[in-house]
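A.B. asks: Position one of the sequence shown corresponds to residue 635 (my numbering), numbered consecutively onward.
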Amino acid sequence: MSSTKYIFISGGVISGIGKGITTSSLSAILQAKGFRVSPVKIDMYLNIDAGTIRPQEHGEVFVTEDGIETDLDLGHYERFLGLNLSKNNYITTGQVYQKVISKERAFEYDGEDVEAIPHVTDEIIRRIKLAGKELDAEIILIELGGTVGEYQNSLFFEASRILQLNNPGDVANIHVAYLPIPKSLGEMKSKPVQQSVKSLNSMGIQPDILVGRSEIPMDNKRKERLALFCNVRFEDVISNPDVDTIYRVPLVLDRQNIGEKILQKLGLKSEKKDLTEWKKLIDKIDSIKRKVKIAIVGKYFSTGDYQLEDVYVSVIEALKHAAWDSGVKADLIWVDSEKFGKGKDIKESFAEVDGIVVPGGFGVRGVEGIIDTIRFARENKKPFLGLCYGMQLATVEYSRNVGGLEGAHTTEIDKKTPYPVIHIMPEQEKLLVGKEYGGTMRLGSFPCRLIKGTLSYDSYGENTIHERHRHRYEFNNKYRELLEKKGLIISGTSLNGKLVEIIELPNHPFFVGTQFHPEFKSSPLKPHPLYTSFLRACKKD
Ligand code: GLN
C-alpha cells in the first residue's frame, strides 16, 4: 500500500482571503479525480474548540455529526465534499497543549524534559495523521490557520517541516497569498507575496505551488515575477481571482490544472477526472434570473458587513443551495432585530420580502424584536423558518399571542416567567452551575421522528431523520397539550417522544421551527429538503 500524502495550505499577506475555499476546492478536485481526501483545519488559538468564542470574533460555530464545535471552514469542506467530518478534522493549539500537559502529568514522557520541539510538534503530527484514519484518506489536506510569520502558529509550520523531513516525497506545500491593487498605483503588486514566501523559506519551507488571490486575474508578468523571486515554476503560479460564487472556484483552479500539478509533486497519478456535477451546478446558477427576497433577522449585524456573513454562513449557503434548486436566486436582506420596537417598523421592513428566517442565537439582545417579527410572519402568512433559537422564540410568540400565556418566555431570558414554555433540562442546569460551559451543550446529530401528514414529513419524505443540534434549552412539555389544543403542530420529536424537535402551523404557507440546525447538512449538490420546501413556499408556486 502506498503511503498517505499530505498537502499543507498556508496563507500569506493578510488573513481572510479564502484559504478555506481554496482548500475546499482543491479537496473537491482531488476527490473528483478519484482520491479519498480528508481536509483538516488548524486554528492557532488556545481555545479547545470554537464553542466558547463570541460570534463577532470568530464567525459561525460549525457543528459536526459527532458534536464538535468547530471553525466555519469545516462547513465549507463538508459542503464542497459531501462528506461528514469529525473531531479529527479540527485541531487547535489548545487541544495540542492540553494533551501534551496531561501526558506529562501522567509521566508518559518518562522523565524527559517536555519541549515545544519535538513533543508539541509530535502531537501535532499525530493528530494530522489521525485525521486520515476514519475516512481512510489517501490525501490529507491541512489548512494552517492565520498567516505565515505569526508567532502563534509557528509550531504548526515546524510540524509540517518535520513531517516533510521524515516523509520526503509525501508532503507538498501550497501557499495562498494576496496581491493588492493599491488605488493610488492602479497596478497589482506582487512584493507582499514575495515577502511572505521569504518568511516561509526562513522556516525551512519551500512552496510547491503558489496561489495568488486578487480582485482580478493575475497576468503573466506578475506570475513571472513570483516564479523568479519565489523559486517556483511559472506554471505552478496559480491565479485565484474574486468570483461571484465560491462554488466556481473548483472550476477556476481546475482550468489551471492545479490537481494534476499537485498529484505529480506527490508522485500520484489521477484515475479519473470528473467535475461534471460542478459544471452543471455553475451552468444552472448562471442561467437563473428570478430572485426571491428573504430576510434574515438576527442581532449580530452591527459590526460590519463581512462579519454578518461569517456568523450565519451555513444558513446563507443553505438558502442559496435551496434557491438554486428551485430555479431562483436568494436575495438576502439583513434585518437587525434590535431596531424593532413597534409593529409599524416591522410591517415596513417586511412588506417586500417573500420569506423570513430567524437563525440560531443566544441571550437577550434583540429578542423582543424577533418575537414581533415572528408574530408578523404568522399573522401575515409570510413563509417562516425558525432555527433553534428561532423555533424557541416562535414557541414563545405562539404561547403569548395565541395560547393566552401572557409573559411566557424562555428561562434563558426570564428566569421568573410565569410560563416557562422553553426551559433548561436538569442535567444542563447542573453544568451551568458548575461553570462547565465548554463543549457541554446538546451537541451533534440526534435522530428525530417525523409525524405523518405534517409539512415537515412531506418535506423530508422520511419517518426518521438525523439532524445536528447546539443548544441548552428545550420545549417545555408541561405546555405541550395546551399549545397543541391551540393549534400548534408538533411535527417532529426525539425517538422516545419526549423532546420536541419541530413545530409548525397549519393554514399557513410555511411556518416551521426546528430545534436543530438543518443548514449544517446542506450542500450545493444536495440541498436540504426543509430549506427547499421553504424556498418553494417563498417562490409561491
Ligand atoms: N440559546 C438557545 C439555547 O441555548 C438556542 C441556541 C441556538 O440557537 N443555537 O437553547
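Quick reminder that beta carbons are idealized off the backbone N, C-alpha and C, glycines included.
By the three-class DSSP mapping on this structure, what secondary structure does ILE980 have?
C.D. replies: helix
A.B. asks: For the alpha helix (DSSP H) containing PRO1017, name the first residue and the last one.
C.D. replies: No alpha helix (DSSP H) contains PRO1017, which DSSP labels as neither H nor E.
A.B. asks: Nearer than 7 Å: is that true of the beta carbon of TYR1023 relative to any heavy atom of the ligand GLN?
C.D. replies: yes
A.B. asks: Here's the rule I'm using: 16 or more other beta-carbon atoms within 10 Å means buried, otherwise exposed. How should ARG847 be labelled?
C.D. replies: buried
A.B. asks: If you follow the beta strand (DSSP E) that VAL677 is part of, which residue opens it and which one closes it?
C.D. replies: According to the sequence shown, residue 677 is Asp rather than Val. Unbroken beta strand (DSSP E) run through ASP677: 671–677.
A.B. asks: What three-state label does DSSP hand HIS710 in the structure shown?
C.D. replies: helix
A.B. asks: Please determine if the stretch 761–781 and the stretch 659–678 are in contact, where contact requires at least 3 C-beta pairs separated by less than 8 Å.
C.D. replies: yes
A.B. asks: Can you confirm whether the stretch 782–799 touches the stretch 643–654 when touching is taken to mean that 3 or more C-beta pairs between the two stretches lie within less than 8 Å?
C.D. replies: yes
A.B. asks: Which one of ASN681, GLY685, GLU768, LEU706 has the shortest CA to CA distance from GLN732?
C.D. replies: Here the closest residue by C-alpha is ASN681.
A.B. asks: Take the Cβ of ALA750 as the centre, count every other Cβ of all protein chains shown within 10 Å, and call the residue buried at 16 or more, exposed below.
C.D. replies: Exposed, since its Cβ has fewer than 16 Cβ neighbours within 10 Å.
A.B. asks: Going by other Cβ atoms of all chains shown within 10 Å of its Cβ, with 16 needed for buried, is TYR1071 buried or exposed?
C.D. replies: With fewer than 16 other Cβ atoms within 10 Å, it is exposed.
A.B. asks: Report the rounded CA-to-CA distance for LYS767 versus ASN718, giving the unit in angstroms.
C.D. replies: 13 Å
A.B. asks: DSSP on GLU911, reduced to helix/strand/coil?
C.D. replies: GLU911: helix per DSSP, three-state reduction.
A.B. asks: Cα separation between LYS825 and LEU819?
C.D. replies: For LYS825 and LEU819, the distance between alpha carbons rounds to 14 Å.
A.B. asks: Quick one: what does DSSP say ASN807 is sitting in, helix, strand or coil?
C.D. replies: strand
A.B. asks: Tell me whether the beta-carbon of ARG1076 lies closer than 8 Å to the beta-carbon of HIS1105.
C.D. replies: yes
A.B. asks: What does the alpha-carbon distance come out to for the pair LYS1112 and LEU1133?
C.D. replies: 12 Å
A.B. asks: In three-state DSSP terms, what is LEU1129?
C.D. replies: coil
A.B. asks: Sort HIS692, SER1079, ASN1097, PHE1109 by Cα distance to LEU1122 and report the nearest one.
C.D. replies: PHE1109
A.B. asks: Is the stretch 858–865 in contact with the stretch 888–902, if contact means three or more CB pairs nearer than 8 Å?
C.D. replies: Cβ pair count under 8 Å is below three, so no.
A.B. asks: In the structure shown, what three-state DSSP assignment does ASP965 receive?
C.D. replies: strand
A.B. asks: Are the stretch 1153–1164 and the stretch 946–961 touching by the rule of at least three beta carbon pairs closer than 8 Å?
C.D. replies: yes
A.B. asks: Compare the beta carbon distance of THR1029 and GLY1041 with 8 Å and say whether it is the shorter of the two.
C.D. replies: no
A.B. asks: Report the three-state DSSP secondary structure of MET635 (helix, strand or coil).
C.D. replies: Residue placement at MET635 is poorly supported in this model, since its pLDDT is 49, which falls under 50; the coordinates still yield a value, given next. In the structure shown, MET635 sits in coil (DSSP, three-state: anything other than H, G, I, E or B).
A.B. asks: Report whether the distance from the Cβ of GLY1020 to the nearest heavy atom of the ligand GLN is below 7 Å.
C.D. replies: no
A.B. asks: Helix or strand or just coil, what does DSSP make of PRO1143?
C.D. replies: coil
A.B. asks: Report the partner residues of VAL871 according to the DSSP bridge assignment.
C.D. replies: The partner list for VAL871 (beta bridge, DSSP) reads LEU844.
A.B. asks: For a minimum of 4 consecutive residues, which ranges assigned as the alpha helix (DSSP H) are wholly contained in the stretch 990–1046?
C.D. replies: Fully enclosed alpha helix (DSSP H) runs of 4 or longer: 1001–1013, 1023–1035.
A.B. asks: Span of the alpha helix (DSSP H) holding HIS1151?
C.D. replies: HIS1151 -> no alpha helix (DSSP H), and no H or E assigned at all.
A.B. asks: Please report the distance separating the alpha-carbon of TYR940 from that of SER833.
C.D. replies: Residue placement at TYR940 cannot be trusted, given a pLDDT of 48 that sits under 50; what the coordinates show is reported in the next sentence. Their backbone Cα atoms lie some 28 Å apart in a straight line.
A.B. asks: Would the beta-carbon of GLN840 be found less than 7 Å away from any heavy atom of the ligand GLN?
C.D. replies: no
A.B. asks: Tell me whether TYR1107, by its Cβ, gets closer than 7 Å to a heavy atom of the ligand GLN.
C.D. replies: Checking every heavy atom of the ligand GLN against the Cβ of TYR1107, one is found closer than 7 Å.
A.B. asks: Does the Cβ-Cβ distance between GLN1149 and MET1059 come in under 8 Å?
C.D. replies: Cβ distance not < 8 Å, so GLN1149 and MET1059 don't count as in contact.
A.B. asks: With GLY1126 and SER1079 assumed to form a contact (beta carbons below 8 Å), what rounded beta-carbon distance in angstroms separates them?
C.D. replies: Between GLY1126 and SER1079 the beta-carbon gap is near 14 Å, outside 8 Å, which marks them as no contact.
A.B. asks: Would you mind listing the alpha helix (DSSP H) stretches within the stretch 682–761 that are 4+ residues and don't spill past its ends, in chain order?
C.D. replies: Runs of the alpha helix (DSSP H) inside the stretch 682–761: 689–692, 706–715, 727–739.
A.B. asks: Residues in the same chain with beta-carbon distance under 7 Å from ASN1097, minus the five sequence neighbours each way, listed in chain order, please.
C.D. replies: Cβ contact annotation for ASN1097 (same chain, cutoff 7 Å, sequence separation greater than five): ARG1083, LEU1084, in chain order.
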